[in-house]
Structures are given as C-alpha cells and as structure tokens.
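Enquirer: Once you've had a glance at the structure underneath, I'll fire off some questions.
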Amino acid sequence: MKPPLFLRFDGLGDALLVNAVMHQYARENGGKVFVATRYPELFAGTPQVVTLPTTSQRLAHQLGKLMRLVGLVDSLVYLSYQPGGPDAKMQPLPGHILSILSAKAGVKTAPVRPVLFLRPEELRAAVLPAGDKPWIAMQSTGITTMTDNKNWFLDRFQAVARQLRQQFRIAQFGLASDPLIENDLDLRDRISPRRAAATLASCRALICQEGYLMHAATAVGTPAVVIFGGFISPAESGYDVNENLFTQLDCAPCWLRTPCPYDKECMKQISVANVLSALEKLLARHPVQNRA
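For the sequence shown, the working numbering assigns the number 36 to the initial residue and increments by one for each residue that follows.
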C-alpha cells in the first residue's frame with residue numbers, strides 16, 4: 036500500500052503537530068511517509084518521514100501529481116482543521132488539533148504530544164550558560180499577522196519578568212519585532228526555530244502565549260505556563276503537563292481574527308499574579324529540571 040502525500044503549509048506550531056501525526060502514521064503503516072511543508076527543519080530526523088520543502092501549494096500539488104504518476108504515492112491529503120484563506124471565518128474545534136489531524140491522515144491512535152527529533156549534539160550546543168540561577172524562557176508577544184486576540188499585554192509580561200529576575204535568569208525568545216522585556220539573554224531572531232526548541236530544553240520552564248514555543252517546549256520536555264485567554268482553548272491545542280490559563284467566557288473560545296468586540300476581556304482577566312502563581316504550581320509539579 037502506497038502512502039498519500041500529506042500537505043500542510045501553515046505555522047511553525049502546526050508543523051510540529053503534523054510531525055507527530057506523520058511519525059505515528061509511519062509507525063502504524065510502516066515504510067516512508069511524504070509531507071510537503073515550508074518548515075522541513077522541524078521534520079529532520081523523524082524516522083521514515085520524507086519532506087518536500089516548498090512554500091508554494093501550487094508547486095506541491097504539481098509534485099504530488101508527478102509522484103502519483105510514478106507510483107510513489109496514491110493520493111494527496113491536505114491536513115486542515117480550519118477553513119482556508121485570509122478571509123475565512125474560523126470556528127471552535129470539536130477536539131484537539133492532534134486528534135483532528137490524525138483523523139484526516141487516517142492515523143488510528145492519535146499522538147498526545149508534538150515530537151521533534153533533536154540530535155544529542157544539537158542539545159549540547161544549545162545549552163544555556165550555567166550559573167547560580169536557573170533559566171526561565173519568556174516571550175513578549177505572539178505573531179499578530181493572523182490575529183492580535185491571542186496576545187497578552189506587554190506591561191504584564193514586563194512585570195512578570197521583573198519579579199522573576201530576583202530568582203531566575205530570563206531568556207527572551209521570539210522575533211526581532213517583539214518588544215524587549217527585562218532579560219538576561221536576548222534570543223529574539225538570533226536562533227532558528229529548531230535551535231529555539233533545543234535551547235528550551237535547558238530552561239527550567241517557559242512562560243508564553245499559545246503558539247509555537249508552547250508546542251516546542253512540550254516536544255522537548257520543558258513545562259510551560261501558557262496564556263490562552265479566550266481565542267483558543269487548551270482542549271483544542273493545549274497539554275496537561277502545562278499550566279494553561281484560559282478565561283471561560285460566553286464568547287470563548289472565539290477563534291476571532293478581527294479585533295475583539297469586548298476589548299480582550301479574556302486577556303484582561305489574567306493578571307500578573309495569576310501567571311506567577313501558575314509558575315509556582317508548575318515548578319512544584321515538575322521539581323526536577325529536565326536538562327542542564
């Protein structure tokens with residue numbers, strides 16, 4: 036039986052989720068599995084997974100048709116969980132994204148965590164400098180090209196960082212365009228997404244919003260405090276190893292890409308004290324640092 040060619044071109048976090056599904060597909064069916072993606076580095080090292088690196092869906096479909104013609108694959112399967120297109124209206128999901136993608140792929144047992152196969156030398160090279168205080172990873176905002184409704188508030192991130200620096204060192208992850216917060220190591224746009232995941236492995240914990248860093252930390256075994264607010268719920272994309280801060284309002288989860296009509300009340304209800312308390316609970320649940 037020949038496998039399909041699986042296609043997924045959205046964000047970094049989605050790529051890690053697809054990687055977990057592809058890994059499980061290969062385990063259940065044997066042989067190679069093919070996936071077209073714009074983030075081939077996140078699939079590197081995954082047993083039996085072969086990537087077609089491209090940012091063009093049109094080119095991916097053309098390559099897929101050629102692969103069908105020569106007998107490498109028997110079909111093309113797009114791994115979606117929301118309507119496509121920049122103007123598409125998103126909807127709350129009936130379950131976790133991993134379960135939805137697994138059903139699309141024909142995987143019998145859905146994975147419960149993202150996976151990333153990092154080589155030992157990658158982990159060694161990414162270990163943060165030793166010192167008298169452990170490292171906490173943080174971000175200051177999320178990607179806003181899709182929506183700003185997933186973002187907490189900069190002044191609150193700043194307040195969290197300021198308080199934590201009494202006991203921890205702060206490594207700031209993210210893009211160069213992300214606002215600077217008080218930190219001991221600025222990694223914004225200085226490391227690749229794969230290197231970021233390897234670096235997270237030497238952090239005591241991560242404080243972030245729902246997105247790639249949350250998935251990457253879970254993949255490498257670093258616990259996280261994740262600020263969900265109300266755009267998406269932990270039941271849709273979260274992990275029970277983390278402390279997930281979700282505001283249960285009538286409108287949540289909304290998946291609303293346009294500006295929030297309630298002035299992001301779901302985010303306003305998550306305070307600095309809530310995040311610090313969640314971190315305390317998280318560290319109590321995970322008392323041993325995972326690496327470094």
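Where a beta carbon is used, it is the ideal one built from N, C-alpha and C, also for glycine.
Identify which residue in D275, Q244, L248, M249 has its Cα closest to the Cα of G265.
Expert: The option with the nearest alpha carbon to G265 is Q244.
Enquirer: For the alpha helix (DSSP H) holding V53, just list the boundary residues, first then last.
Expert: That run of the alpha helix (DSSP H) goes 47-64.
Enquirer: Let me know the secondary structure DSSP gives L244 once reduced to three states.
Expert: The sequence as given places Gln at residue 244; Leu does not occur at that position. Three-state result, Q244: strand.
Enquirer: Who does L280 pair with in a DSSP beta bridge?
Expert: In DSSP, L280 forms a bridge with I262.
Enquirer: My output table needs one value for L104: the three-state DSSP class, helix, strand or coil.
Expert: Note: L104 maps to helix in three-state DSSP.
Enquirer: In the structure shown, what three-state DSSP assignment does I205 receive?
Expert: Looking at I205 - three-state DSSP - the assignment turns out to be strand.
Enquirer: The alpha helix (DSSP H) that contains V68, what's its start and end?
Expert: Run containing V68: none in the alpha helix (DSSP H); it sits in the beta strand (DSSP E), 68-72.
Enquirer: For P322, does the count of other Cβ atoms within 10 angstroms reach 16, so buried, or fall short, so exposed?
Expert: With fewer than 16 other Cβ atoms within 10 Å, it is exposed.
Enquirer: Look at the Cβ atom of M302, then the Cβ atom of W187, and state whether they are nearer than 8 Å.
Expert: Yes, they are a contact pair.
Enquirer: Return the residue from the list E63, G119, Q59, L222 that minimises the CA-CA distance to A172.
Expert: With distances taken between Cα atoms, A172 lies closest to L222.
Enquirer: Out of L280, A252, Y60, T90, which one is the CA nearest neighbour of G46?
Expert: It is T90.
Enquirer: Which value, in whole angstroms, describes the spacing of the CA atoms of I267 and W290?
Expert: In a straight line, the C-alpha of I267 is about 6 Å away from that of W290.
Enquirer: Could you check which residue in L220, R230, I216 has the C-alpha nearest to that of R154?
Expert: For R154, the nearest C-alpha among the options comes from R230.
Enquirer: Going by C-alpha to C-alpha distance, which of A79, F192, A252, S237 sits closest to L328?
Expert: For residue 328 there is no data in the structure shown, the boundaries of the chain being 36 and 327.
Enquirer: Where DSSP assigns a beta bridge to A172, which residues make up the other side?
Expert: A172 is bridged to A206, L241.
Enquirer: Keeping to the same chain, check which residues put their C-beta closer than 8 Å to that of N64; ignore five residues upstream and five downstream.
Expert: Contacts found: M36, P38.
Enquirer: Examine the Cβ distances between the stretch 196-208 and the stretch 161-177 and report whether three or more of them are shorter than 8 Å.
Expert: Segments in contact, yes.
Enquirer: Which term fits S227, buried or exposed, when burial requires 16 or more other beta carbons within 10 angstroms of its beta carbon?
Expert: Exposed is the call here.
Enquirer: Return helix, strand or coil for V84, following the three-state DSSP convention.
Expert: Here V84 sits in strand by DSSP.
Enquirer: Below 8 Å CB to CB, which residues in the same chain sit around K316 once its five sequence neighbours on both sides are set aside?
Expert: Cβ within range, chain order: E278.
Enquirer: If we ignore side chains and look at the alpha-carbon of each, how far apart do V80 and T86 end up?
Expert: Per the sequence shown, residue 80 should be read as Gly rather than Val. Answer to the nearest angstrom: the Cα atoms are 11 Å apart.
Enquirer: Verify whether the separation of the beta carbon atoms of L40 and N54 is less than 8 Å.
Expert: The answer is no: Cβ separation not under 8 Å.
Enquirer: Since F41 sits in a beta bridge, which residues does DSSP pair it with?
Expert: Answer is V70, V112, bridged to F41.
Enquirer: Give the single residue among Q59, A196, V162 whose Cα lies nearest to the Cα of V142.
Expert: Closest option to V142, Cα to Cα, is Q59.
Enquirer: Rounded to the nearest angstrom, what separates N325 and T253 at their Cα positions?
Expert: Caution is warranted here: a pLDDT of 45 is assigned to N325, below 50, making its placement in the model unreliable, and no coordinate value can be reported.
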